[in-house]
Amino acid sequence: MLGEIFDDSVCRLTNTTCGINMVFKPIAQLNKSKNLFNSQKCIQRCSCVTDEYEEKDGNCIKKIDKDSNEQDSLIRCMRGNCTLMKEISDLGCMLKGIFCGTNRIFKTIFKKQRIGYMNIECLMRLLLGELKPRKPPVCWTETLSSHSEQFSLPIADFCTLKLLVLSNDCGNKRICKIGETIFDVDCSLTGNKCGKNAIFIPIIEEKFNPLMAPRNCIQRCTCKTTHEYVAKSISCEKKRDKIKIEKQSHSFTEYCPQAYYSHAQEITDIGCRLAGHVCGTNMRFVPMEWYCEGGFCQLRKKIYDYGCRLSGLECGINMKFITVQQLNDEICIQECKCANKEFVEKNGKCENKKKNKQKLIQTTNNLLTKFLKIGQILKDFGCLSTNSECGNDMVFRPVVRFYDIPFLLRHEDEECFQRCSCKNNYNEQNGQCIKEIDIQKFTHLEEFENDEEFVGNRRCFENEACELGDKINDEECQMTGLKCGANMVFSPTSFAMTNRCVQYCVCDNESMVADDECIKRNALNLRHQDENQNITQEGMQKNREEIVLNCMRGLCKLMEEIYDFGCVMKGRSCGRNMVFTIVSNRTFTTNFECIVRCICAHGYYEKNNRCISLEKSSPCKGKVCTFGDRFFDADCRLSGIKCGINMIFITVQKLPPSSSCIQECRCKSGFEFDSKWSICEKNTNNTVSLNFIKYCSEPYEFEEEISDHGCHLTGKKCGNNMVFAIAENFTFTNNSVECIQRCICEDGSDYSEEIGECTKLWYCEGGYCKLGRQFLDYGCVLTNFSCGINMKFINNGKNENTGDCVQRCSCLSEKYLEIDGQCL
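Per full-length UniProt numbering, the sequence shown starts with residue 1, numbered consecutively.
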């Protein structure tokens with residue numbers, strides 16, 4: 001802190017930072033001995049960095065020039081931002097009674113005659129008071145040319161630094177912001193309109209003689225009268241009589257979307273409809289909490305459910321949601337009750353009538369801390385209980401995760417099976433968590449070298465880098481995905497409900513195996529390697545464990561199959577230019593098991609038990625291919641392979657019953673052929689060519705299906721708020737794929753049968769609605785909000801009982817006409 005004093009034995013703290021704009025400075029220096037290296041001792045004080053800062057209220061504040069400070073203060077006062085009881089000098093005594101802040105005016109406290117001048121100077125003080133009503137505004141209809149001799153307008157004014165433009169039509173005249181000031185030659189703007197329900201009022205007038213008319217003025221754009229109008233940003237709105245409307249506590253009208261919110265501001269969003277929507281400049285809404293923390297609600301807790309979709313869902317141990325009241329077609333009141341009659345309420349829990357389960361649930365700060373037995377597994381909605389405490393030295397660890405559950409509220413929600421497991425550095429013994437013994441504290445590690453259990457549990461990365469294929473025993477399954485070497489990560493090949501994994505060090509998803517190393521896929525093609533190198537391992541692999549170990553090391557044979565516990569090996573490298581693919585899977589009550597096969601990666605084909613790059617076998621490798629060139633492809637391997645700049649091969653004809661086809665060199669997606677230059681250029685008209693299907697942004701209907709050879713359209717837009725999704729796919733013997741694509745609503749959208757299209761969960765996509773569209777607005781908060789180009793919401797009817805409105809997207813004013821769904 002500023003001013004603190006420290007004893008510095010060797011004067012090392014000098015000029016080191018001790019706070020904002022603060023450093024240590026020695027105030028005394030002592031010599032303890034004749035030893036030059038350790039003879040100094042200092043008394044340090046935390047002081048301001050330089051003389052440019054002054055100590056004030058425990059902080060170092062930069063000194064402000066007095067003249068500039070007074071000038072800034074005067075400018076703020078002229079703009080209506082004075083502080084209460086502020087005193088300023090007023091040449092001409094013209095500020096008396098002038099507005100200078102909210103409910104504040106200037107009053108004269110001292111007046112004197114300046115010697116040698118005809119002017120009077122006053123000392124003004126800012127006090128609370130009311131503004132006197134001014135004369136009604138007079139529309140300025142005279143042209144600038146008629147005042148060319150009288151006016152000498154400055155290039156810049158005080159409020160906008162732009163040239164003040166006058167015109168015959170006072171309605172089209174430049175509008176100032178409320179409270180802004182301008183310099184007015186000859187004081188001709190007094191009382192003229194400067195905005196909606198706003199007029200110019202002089203705040204300073206320059207006179208050569210008190211009896212003469214003022215020569216120059218500083219005008220402020222102010223509301224006509226403060227008791228009738230309220231100042232907004234660029235207009236003055238008429239005050240409305242506040243009518244008290246009793247609203248039920250469940251109404252979410254007060255949480256309806258506004259234009260802007262403050263950073264980190266939190267609101268309640270029934271139905272989670274605002275997740276991901278813009279709430280300010282470079283800001284979006286992010287969900288902080290679902291209906292209950294971790295999916296575990298308190299018994300008898302009531303919540304408001306938008307869409308009435310929580311009925312019957314679990315809300316805790318032996319509990320589920322039951323609808324107790326339906327407020328309207330969209331909102332229900334859900335109550336968390338016991339699942340059925342087999343359970344009874346006891347101490348805030350639902351216990352079985354026959355069995356008295358020993359579980360203790362304590363409530364602290366509205367969060368449920370669950371004390372369970374070691375190894376107990378619970379279902380967790382939202383996976384929010386991960387790493388939360390469930391007992392002494394115990395925390396929840398996810399065993400199985402489920403994504404994209406269709407009946408959940410949000411698309412990104414998850415459901416987990418959480419297991420109550422020991423914390424890190426603790427082991428399970430006899431139903432308790434016992435702290436591990438740190439082996440590194442022993443001086444004689446040789447005693448453990450011959451211990452097979454100790455050697456098996458030693459992790460390769462603790463003392464040296466892991467090698468490809470190394471395995472470790474992971475008690476908590478916490479090493480999955482962690483880096484274990486260059487381009488290598490840990491991947492589990494088996495796990496059990498004891499939350500214990502066997503982790504192998506394998507190549508990451510962006511790398512391939514080459515010469516017992518993991519090389520990035522892009523760099524693999526650049527390396528000079530002998531194509532004739534024998535990559536197969538000599539001898540037969542009889543032992544299943546050896547086969548798995550070789551596959552983990554990237555030495556798997558082509559088309560070799562192994563078991564994958566947890567189904568996590570898909571897409572991982574299993575050999576040179578080879579990856580794993582799932583051929584079958586089984587689901588057990590607690591985990592998954594798959595059979596994965598080692599096949600050639602995308603862009604490679606099988607030849608002599610090796611995977612050869614398709615580009616190297618391309619007919620365009622040794623010659624220049626042009627747009628429209630056709631080739632016979634014996635195995636249909638060239639589909640999607642590059643044949644020129646921005647060009648790829650596309651199958652135009654299949655030749656049954658053989659697997660051969662005719663390939664043609666065509667432009668890639670997003671490019672079109674320029675016949676003048678004979679090249680493929682970026683498409684500029686938003687038309688995409690894929691498999692000779694020309695489609696723009698909105699040609700498909702909801703749930704319409706098309707055939708897509710190569711599955712290139714997945715995730716592409718197929719309409720307003722709609723994208724293609726794979727409904728069915730086929731894999732052929734030559735590794736080529738074909739999909740049936742279905743046009744569905746994208747994330748965050750839902751299909752509306754009323755208008756026949758996918759709409760955002762908010763009122764319209766991005767705030768742009770169709771002209772004439774009507775819908776119910778809870779709380780009437782969207783009135784006059786923009787709903788499109790030259791369009792806004794207009795209240796088309798109001799329910800006096802509920803306070804809800806029917807909003808219609810209409811043109812801004814009568815100046816616009818409705819033509820072809822637009823306001824022009």
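Even for Gly, the Cβ is constructed at its ideal location relative to N, Cα and C. These numbers were taken from a predicted model, which means no experiment stands behind them.
Any idea which residues DSSP pairs residue i with across the strands?
i, result
"Lys346", "Lys349"
"Leu817", "Partner(s): none; Leu817 has no beta bridge."
"Tyr604", "Ser613"
"Ser47", "Val23"
"Lys655", "Before going further, note that residue 655 is Leu rather than Lys in the sequence given. Leu655 is bridged to Ser660."
"Lys62", "Tyr53"
"Arg597", "Glu561 and Thr581"
"Lys193", "Ile199"
"Gly644", "Met647"
"Leu378", "Gln418"
"Lys483", "Val489"
Out of curiosity, what's the CA-to-CA distance linking residue i and residue j?
i, j, result
"Ile178", "Phe785", "21 Å"
"Leu378", "Phe417", "6 Å"
"Asn15", "His263", "36 Å"
"Ile234", "Lys56", "39 Å"
"residue 871", "Thr581", "With the chain covering 1 to 824 only, the question about residue 871 has no answer from this structure."
"Val568", "Gly312", "33 Å"
"Tyr604", "Leu614", "5 Å"
"Ser584", "Val596", "7 Å"
"Tyr229", "Lys196", "10 Å"
"Met22", "Ser73", "28 Å"
"Thr83", "Cys236", "23 Å"
"Asn392", "Arg419", "14 Å"
"Lys173", "Cys823", "Residue placement at Lys173 is poorly supported in this model, since its pLDDT is 45, which falls under 50; the coordinates still yield a value, given next. About 24 Å."
"Ile317", "Asn340", "12 Å"
"Phe6", "Glu52", "24 Å"
"Lys242", "Gln325", "With a pLDDT of 48 at Lys242, under the threshold of 50, the modelled position of this residue cannot be trusted, and the question is left open."
"Asp633", "Lys682", "28 Å"
"Ile361", "Asn347", "Any answer about Ile361 is weak, because its pLDDT of 36 lies below 50 and its placement is not dependable; what the coordinates show is given next. Using only the alpha carbons, I get a separation of about 9 Å."
"Asp157", "Ile61", "Legend: pLDDT at Asp157 = 32, less than 50; position of this residue unreliable, value from coordinates given subsequently. Those two C-alpha atoms are separated by around 33 Å."
Would you call the CB atoms of residue i and residue j closer than 7 Å?
i, j, result
"residue 825", "Cys611", "An answer regarding residue 825 cannot be provided, because it is not within the stretch 1 to 824 covered by the chain."
"Met791", "Cys809", "yes"
"Ser491", "Val513", "no"
"Asn721", "Glu746", "yes"
"Phe724", "Thr714", "yes"
"Met319", "Cys279", "no"
"Cys217", "Ala198", "no"
"Lys63", "Ser47", "no"
"Cys661", "Thr651", "yes"
"Ile374", "Glu436", "no"
"Cys518", "Ser511", "yes"
"Cys551", "Cys574", "yes"
"Asp516", "Leu468", "yes"
"Cys718", "Tyr700", "yes"
Could you round the C-beta distance between residue i and residue j to whole angstroms and report it? I think they count as a contact, below 8 Å.
i, j, result
"Tyr304", "Ile333", "6 Å"
"Cys336", "Cys297", "4 Å"
"Gln663", "Phe631", "5 Å"
"Asp629", "Cys665", "5 Å"
Kindly say whether residue i, judged by its beta-carbon, lies nearer than 7 Å to any beta-carbon of chain C.
i, result
"Arg610", "Among the chains in the structure shown there is no chain C, since it carries only a single protein chain."
The beta strand (DSSP E) spanning residue i covers which residue range?
i, result
"Ser707", "Glu705 to His709"
"Cys279", "Val278 to Gly280"
"Met740", "Per the sequence shown, the amino acid found at residue 740 is Ile instead of Met. Here the beta strand (DSSP E) through Ile740 covers Val737 to Cys745."
"Phe671", "Phe671 to Asp674"
"Asn425", "Note, Asn425: premise wrong, no beta strand (DSSP E); not H, not E."
"Gln326", "Met319 to Gln326"
"Cys505", "Cys501 to Cys507"
"Glu389", "Glu389 to Gly391"
"Glu237", "Cys236 to Lys238"
"Ser810", "Cys805 to Cys811"
"Val723", "Met722 to Thr731"
"Lys792", "Met791 to Lys798"
"Leu776", "Gln774 to Asp777"
"Lys682", "Ile679 to Lys682"
"Asp516", "That residue, Asp516, is in no beta strand (DSSP E); it is neither H nor E in DSSP."
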